[in-house]
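Chains A and B, in that order, give the protein sequences. Residue 256 in the working numbering sits at position 246 of the first sequence, and the numbers go up by one each step. Residue 183 in the working numbering sits at position 174 of the second sequence, and the numbers go up by one each step. The C-beta atom is built at its ideal place from N, Cα and C for all residues, glycine as well. Here the structure is laid out as structure tokens; the discussion comes afterwards.
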Amino acid sequence: MKNMKRFLLSASCALLLVGCKDASAKLPGSNETVMTVGNMTITKGELYNVLKANSGAGQVVSDAEKAVTSAEIEVTDEMKESAESTLSMYKSMYGDSFPSYLESMGMTEEEFKNDSLIPSLQADKLVEKYIDEHFDEICAAYDPVQATVLTFTAKEDADAALSALRDGSKDAATAASENNSTSTGTPEIVTTNTTTYDSSVHSVIRTSSPDDGWVLLPGMDGSSFYLVKVNSHTPADFKEDAIKSLSSIGAVTSNSTDYYYRKYGFHVYDIELYNALKESNPDMLVQSKAAPTPLPSAVPAVSPAASESPAASESPAASEAPAASATPSASPAQ
Amino acid sequence: MSSFIKKNWFVSLLIVVFAVISIYYIYDTNKGKLKGKTANGEDVVYSINGTDVTASMYYDSMFKSSGTSALMQEFMRAVSNQSMEATEDMKTWASQQAASIISNYQSNYPSNYKDVIAQSLRSIGYKGYEDLETYLIDYRKQNELISQYADKHFDELKIRNISYLLVKFENGDSGEGTPTEDEQKRLDAVDAAFKAGKEFSEVAKEFSEDPSTSEKGGVLGTVDANTTTLDKAFLEAALKLKEGETSDWVYSSSFGYFRIHCNATTPETLKQAYIDQNNVLEGTEVTMSEVYSSLLSSYDTTLANKALWEKGQELGITFTDEANLEKLKKYMEVE
Numbered sequence: 011m012k013n014m015k016r017f018l019l020s021a022s023c024a025l026l027l028v029g030c031k032d033a034s035a036k037l038p039g040s041n042e043t044v045m046t047v048g049n050m051t052i053t054k055g056e057l058y059n060v061l062k063a064n065s066g067a068g069q070v071v072s073d074a075e076k077a078v079t080s081a082e083i084e085v086t087d088e089m090k091e092s093a094e095s096t097l098s099m100y101k102s103m104y105g106d107s108f109p110s111y112l113e114s115m116g117m118t119e120e121e122f123k124n125d126s127l128i129p130s131l132q133a134d135k136l137v138e139k140y141i142d143e144h145f146d147e148i149c150a151a152y153d154p155v156q157a158t159v160l161t162f163t164a165k166e167d168a169d170a171a172l173s174a175l176r177d178g179s180k181d182a183a184t185a186a187s188e189n190n191s192t193s194t195g196t197p198e199i200v201t202t203n204t205t206t207y208d209s210s211v212h213s214v215i216r217t218s219s220p221d222d223g224w225v226l227l228p229g230m231d232g233s234s235f236y237l238v239k240v241n242s243h244t245p246a247d248f249k250e251d252a253i254k255s256l257s258s259i260g261a262v263t264s265n266s267t268d269y270y271y272r273k274y275g276f277h278v279y280d281i282e283l284y285n286a287l288k289e290s291n292p293d294m295l296v297q298s299k300a301a302p303t304p305l306p307s308a309v310p311a312v313s314p315a316a317s318e319s320p321a322a323s324e325s326p327a328a329s330e331a332p333a334a335s336a337t338p339s340a341s342p343a344q
Numbered sequence: 010m011s012s013f014i015k016k017n018w019f020v021s022l023l024i025v026v027f028a029v030i031s032i033y034y035i036y037d038t039n040k041g042k043l044k045g046k047t048a049n050g051e052d053v054v055y056s057i058n059g060t061d062v063t064a065s066m067y068y069d070s071m072f073k074s075s076g077t078s079a080l081m082q083e084f085m086r087a088v089s090n091q092s093m094e095a096t097e098d099m100k101t102w103a104s105q106q107a108a109s110i111i112s113n114y115q116s117n118y119p120s121n122y123k124d125v126i127a128q129s130l131r132s133i134g135y136k137g138y139e140d141l142e143t144y145l146i147d148y149r150k151q152n153e154l155i156s157q158y159a160d161k162h163f164d165e166l167k168i169r170n171i172s173y174l175l176v177k178f179e180n181g182d183s184g185e186g187t188p189t190e191d192e193q194k195r196l197d198a199v200d201a202a203f204k205a206g207k208e209f210s211e212v213a214k215e216f217s218e219d220p221s222t223s224e225k226g227g228v229l230g231t232v233d234a235n236t237t238t239l240d241k242a243f244l245e246a247a248l249k250l251k252e253g254e255t256s257d258w259v260y261s262s263s264f265g266y267f268r269i270h271c272n273a274t275t276p277e278t279l280k281q282a283y284i285d286q287n288n289v290l291e292g293t294e295v296t297m298s299e300v301y302s303s304l305l306s307s308y309d310t311t312l313a314n315k316a317l318w319e320k321g322q323e324l325g326i327t328f329t330d331e332a333n334l335e336k337l338k339k340y341m342e343v344e
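Okay, here's the thing in structure tokens:
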């Protein structure tokens, strides 16, 4: 009975000590002396803590990104040339201080080019690769359309430009510049995430076809006028531009990060680093979250009122009608 | 075994209940905790693409890119801490500052202010939140140490407080310091004002074409011979002046034509210049550390390192790896 009591007591104590702490990676040899100043000894462990607090998360982000990009993106001759030219630019820009900078980073010129400049170019291509591989799914979610949009602040200017465009006497760029438009007249990619234009423009872009030609419509603020022409609703026709445009969407880059860090099994085993990454790069911490939900299908960025307006009509003639009906009193801004 | 259980059924039942509770307890306390990993007998920090990055690998990687800066942080902490005994004044100041810092952080980060403070302190070599006052005392010691160094090397550093006025080039440098007709007229107007007996601050306010200083009567602040942020010709002329003297026109190919005035060249007059230029309330005691503050922050960025290095040598510096000593010396520009 006495033994039993001892057993229960020891087991209880042991239970209290059982791993109820988050993991923290210990550095071997942390008691080794690095330097001594007077009576104070600085150990490798103390230096490790300073390094971790200052650059711990940044180092992991950089090293992990290199691991992913080197596995996914091939280094092309174009990248090598670009890195070489960036290096030359830095050398001429910073002159004598450039070697000291490299030295302070613990790098030679060659290492800077191969371990910093080229990986950075590879990283730029990673999101694009992700979009390319998930093109249909992402296009279904963000509905990229290639369109030309000219913005005017006076209806007379918009009318004059429309007339020149319809009779074919001017191209979009000339019609824009000659009629005080703030636009360049070059085709662009408009997704459901594009915030440059109000919902009336989005409505026309989603519902017009290339055959409709130029459509004139007033802005929802009552002080802007738009000429819109849809060039293509088929993303495959303008894939390269669509990829570039989609890569600037935050949710797409987040999903790309999630995808690749999941694919390469990124896993953190140190609580301090985990918390630091949670603050700075939460997308990387795939170990703690479920895979992202499938992308929703595109929801037209248009208010019911706008979608009911004649601006959404497929008839070019009818599409001019809202210009007249869009009195200030009809504007939501009122 | 079965006869033992039959005989001690109650104890056996207790053991079973205890075991079940234990298993649940272990499960529950570990639920949601970050689990560790080891590889080749070492703790793993993270893994990616099948590679386990151990703490040693992680340390080496960080040390390569930021090791010298971390050595510098530790060196500064060690030297400041041992440079002198903390005075009662330092302790009182540190205690008041700590209370104020905590209060600020409490209002900005109500739920985790201790963690935020601890993180900042760890990045400069302190253990954590509990070291806040130690850090503040070390900070005061460091300022005092730099001030003592500047006092000791005062003549060699040619520390002085200066003002200036500028007549800018009209359309860039006309070449070789020969003023254009219009520039000459503006230079003459300044000379006439001096001849009329006007004070330098008055003339600078009226004629200087540098709006960043003209309002303050041309006051630049305290500079020394190691100042690296000023035009070379300007600094050379400023260092030649005696207290109260005004230079002749100094041509700078980057800016135009300067007249420089030396306001103070001794600790006493520097203190007075600091009081006058910063509207210090009468009766407030000014320390040399305060007088040197703008010199350190804006002009002589090497002064602090030199002071720390000199003190470090006095205390005794030993490095296990001589290469690290060389890196630190280069980083601190004390070779």
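If you drop the 5 nearest sequence neighbours on each side, which residues of the same chain put their C-beta closer than 8 Å to that of residue i?
i: N49 of chain A; result: none
i: E282 of chain A; result: S34, K62, G66
For residue i, which residues in chain B fall below 8 Å Cβ to Cβ?
i: V60 of chain A; result: A79, Q82, E83, R131, S132, I133, G134
i: E56 of chain A; result: E83, G134
i: A74 of chain A; result: Y55, I57
i: Y284 of chain A; result: L43
Starting from residue i, trace the alpha helix (DSSP H) in both directions and tell me its first and last residue.
i: N117 of chain B; result: 97 to 117
i: M45 of chain A; result: Run containing M45 of chain A: none in the alpha helix (DSSP H); it sits in the beta strand (DSSP E), 43 to 47.
i: L43 of chain B; result: L43 of chain B -> no alpha helix (DSSP H), and no H or E assigned at all.
i: Y266 of chain B; result: Taken as a continuous stretch (DSSP letters only), Y266 of chain B belongs to no alpha helix (DSSP H), being part of the beta strand (DSSP E) at 265 to 273.
i: V211 of chain A; result: 209 to 217
i: Y270 of chain A; result: 260 to 273
i: L37 of chain A; result: Looking at the DSSP string, L37 of chain A is not in any alpha helix (DSSP H), and its letter there is neither H nor E.
Sorted by chain position, which residues of the same chain lie with C-beta nearer than 7 Å to residue i's C-beta, five sequence neighbours on each side aside?
i: S256 of chain B; result: A246, L250, R268, I269
i: A234 of chain B; result: L166, K167, L248
i: K338 of chain B; result: E344
i: L131 of chain A; result: M89, S92, A93
i: D179 of chain B; result: It should be noted that the sequence gives Glu, not Asp, for residue 179 of chain B. T189, D191, E192, listed in sequence order.
Kindly indicate if chain A contains any beta-carbon less than 8 Å away from that of residue i.
i: Q91 of chain B; result: yes
i: T278 of chain B; result: no
i: D164 of chain B; result: no
i: N49 of chain B; result: no
i: G321 of chain B; result: yes
Which same chain residues, not among the five before or five after residue i, have their C-beta less than 6 Å away from its C-beta?
i: Y118 of chain B; result: V125
i: D167 of chain A; result: N189, N190
i: V137 of chain A; result: S257, T263, S266
i: M226 of chain B; result: Position check: residue 226 of chain B holds Gly in this sequence, whereas Met was assumed. Hits under 6 Å: S210, A213, K214.
i: A316 of chain A; result: Bear in mind that the predicted position of A316 of chain A carries a pLDDT of just 36, short of 50, making it too unreliable to give a figure here.
Which chain A residues are close to residue i, counting only those with a beta carbon under 8 Å from its beta carbon?
i: Q128 of chain B; result: A63
i: T60 of chain B; result: A77
Please tell me whether residue i has its Cβ less than 8 Å away from any Cβ of chain B.
i: Q69 of chain A; result: yes
i: I281 of chain A; result: yes
i: T337 of chain A; result: Unreliable placement is indicated for T337 of chain A, whose pLDDT of 29 sits below 50; no coordinate value is reported for it.
i: E188 of chain A; result: no
i: P44 of chain A; result: Sequence inspection shows Val at residue 44 of chain A; the Pro mentioned does not correspond to that position. Chain B, which has a Cβ nearer than 8 Å to the Cβ of V44 of chain A, makes this yes.
i: G66 of chain A; result: yes
i: I128 of chain A; result: no
i: I52 of chain A; result: yes
Cβ closer than 9 Å: which chain A residues qualify as neighbours of residue i?
i: S56 of chain B; result: G275, F276, H277, V278, Y279
i: K46 of chain B; result: A33, A35, H277, Y279
i: I284 of chain B; result: Near I284 of chain B there are no residues of chain A at all, since even the closest Cβ is about 36 Å away, more than 9 Å.
i: D52 of chain B; result: A33, S34, A35, K36, L37, P38, Y279, D280
Give the residues of chain A in contact with residue i, contact being defined as C-beta atoms less than 7 Å apart.
i: V88 of chain B; result: V47
Please list the partners that residue i has in chain B, where partner means a Cβ-to-Cβ separation under 7 Å.
i: L37 of chain A; result: A64, S65, Y68
Tell me where the beta strand (DSSP E) around residue i begins and ends.
i: I57 of chain B; result: 51 to 57
i: M10 of chain B; result: Segment: none, M10 of chain B is in no beta strand (DSSP E) and carries neither H nor E.
i: M50 of chain A; result: 50 to 53
i: V62 of chain B; result: 60 to 63
i: Y152 of chain A; result: Premise fails: Y152 of chain A lies in the alpha helix (DSSP H), 145 to 152, not in any beta strand (DSSP E).
Closer than 9 Å by beta-carbon distance: list the chain B residues that pair up with residue i, in chain order.
i: G232 of chain A; result: Per Cβ cutoff of 9 Å: no residues; G232 of chain A is ~42 Å from chain B at best.
**Study point:** Positions along the region 67 to 80 of chain B whose CB lies within less than 9 Å of some CB in chain A
**Key:** Only Y67, Y68, S70, M71, F72, K73, S74, S75, G76, T77, S78, A79, L80 from the region 67 to 80 of chain B bring a Cβ to less than 9 Å from some Cβ of chain A.
Check your understanding: If you measure beta-carbon to beta-carbon, which residues of the region 113 to 124 of chain A are closer than 7 Å to chain B?
Key -> S114, M115, G116
Review point. The region 231 to 262 of chain B: which residues have C-beta closer than 7 Å to a C-beta of chain A, in chain order?
Key: none
Practice item. Please name the residues in the region 113 to 127 of chain B whose beta-carbon is closer than 7 Å to at least one beta-carbon of chain A, in chain order. Key: Within the region 113 to 127 of chain B, no residue has a Cβ that lies closer than 7 Å to any Cβ of chain A.
Exercise for review: Below 9 Å between beta carbons is the criterion; list the residues of the region 324 to 341 of chain B that meet it against any residue of chain A, in chain order.
Suggested key: L324, G325, I326, T327, F328, T329, D330, N333, L334, K336, L337, K339, Y340
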